[in-house]
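Report on the structure given below.
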């Protein structure tokens, strides 16, 4: 692994991690669905242009691709981002970053049921550790509160479910199209689904008068750096390193997210650190021994 590629993959993890504290700050001024809409309108435009340049012969959507791309947009863009940004607003960046880090564990478990994949004993232990980590973070060490989840917690779990569905659909359909094409059209269709909900829930597509240029800058950051550039760099890394080695860098995301959140003034409790360690350890055990994943599979943010 050359130094340039290592720096590139670390930067991808940092870009994704930054979405948690930055997103939490933004949605306290701009409606969460409106933030998601702006982010993916800009993302879709950039990715479609990039697709047109990189794949001039196959960039147009085929008749058989409409349904798969619509479902990818509905799960990975529309549903995930609605749940994600509401979760950031109500549950906070610290808790959200740790819970969402468990997505590979959930995906691995469902793959056993849906695709008849097998987990080794070590991977099963990893699943158990990840589950314990999530429970630790959600309950903040008080197990008696497990049956009384907050609305924010439920939204973050909804985000986990949405991205898991997106990943599983991608395993089935993204073998015949490029990750760039699938992500570009998923972003396009997903932003189209977000448009009416953004209008209905926020009253218009305009930002509130209390928003400043910094709020606009955060949306540009989430679209251009944490989505478009991160997507390109991530797939470059997967091609050069293989999905298994590239996945190692995903474990940096919750570490960076917790660090940035703490520096930004968000409270970090010992149970958050303990839960993060359990989740990261469990996810590492669950994923590092798996076969190479699809090139387009990446981390949810």
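Residue numbers (the UniProt record's numbering): 1 to 301. In this text, a Cβ means the ideal position worked out from N, Cα and C, and glycines have one as well.
Identity of the residue in 181, 96, 111 nearest residue 140 by Cα: 96
Find the nearest neighbour of residue 156 within the set 232, 94, 265, 287, judged by alpha-carbon distance. 94
What is the DSSP secondary structure of residue 52, reduced to helix, strand or coil? helix
Taking one C-beta from the region 247–266 and one from the region 6–14 each time, how about it: are there three or more such pairs within less than 8 angstroms? yes
Tell me where the alpha helix (DSSP H) around residue 235 begins and ends. 230–241
Beta-carbon spacing of residue 84, residue 186 below 8 angstroms: no
Taking only the alpha-carbon atoms, compute the straight-line gap between residue 223 and residue 21 and give it to the nearest angstrom. 15 angstroms
Please list the segments of the alpha helix (DSSP H) lying wholly inside the UniProt domain "EamA" (151–287), counting only runs of 4 or more residues, in order along the chain. 151–173, 179–202, 213–220, 230–241, 243–247, 252–263, 270–287
So what does DSSP say about residue 64, is it helix, strand or coil? helix
Quick check: the region 207–221 against the region 47–67, are there 3 or more CB pairs under 8 angstroms? no
Give me, in chain order, the residues of the same chain whose beta-carbon lies closer than 6 angstroms to that of residue 152; leave out the 5 immediate sequence neighbours on both sides. 87, 90, 91
Contact between the region 260–268 and the region 114–124 (3+ Cβ pairs under 8 angstroms): no
Just the Cα atoms here: how many angstroms apart are residue 183 and residue 47? 8 angstroms
Backbone CA spacing between residue 33 and residue 82 [nearest angstrom]: 6 angstroms
Segment contact flag, the region 194–205 with the region 109–118, C-beta cutoff 8 angstroms, min 3 pairs: no
Pick helix, strand or coil for residue 70, following the three-state DSSP scheme. helix
Excluding the 5 residues preceding and the 5 following residue 207 in the sequence, name in chain order all residues of the same chain whose CB lies nearer than 6 angstroms to its CB. 30
Taking the C-alpha atoms as reference points, what is the distance between residue 17 and residue 10? 10 angstroms
Residue range of the alpha helix (DSSP H) that includes residue 104: 103–114
Between which two residues does the alpha helix (DSSP H) holding residue 25 run? 3–27
Throw me the rounded Cβ distance for the residue 301 and residue 226 pair, which I believe falls under 8 angstroms. 6 angstroms
Element boundaries [alpha helix (DSSP H), containing residue 100]: 93–100
If we call anything under 8 angstroms between Cβ atoms a contact, is residue 51 one with residue 171? no
Comparing the C-beta of residue 49 with each C-beta of chain B, is any distance below 8 angstroms? In summary, chain B is missing from the structure at hand, where a single protein chain is found.
Using a Cβ-Cβ cut-off of 7 angstroms (strictly less than) and excluding sequence neighbours within five positions of residue 256, which residues of its own chain qualify? 13, 14, 17
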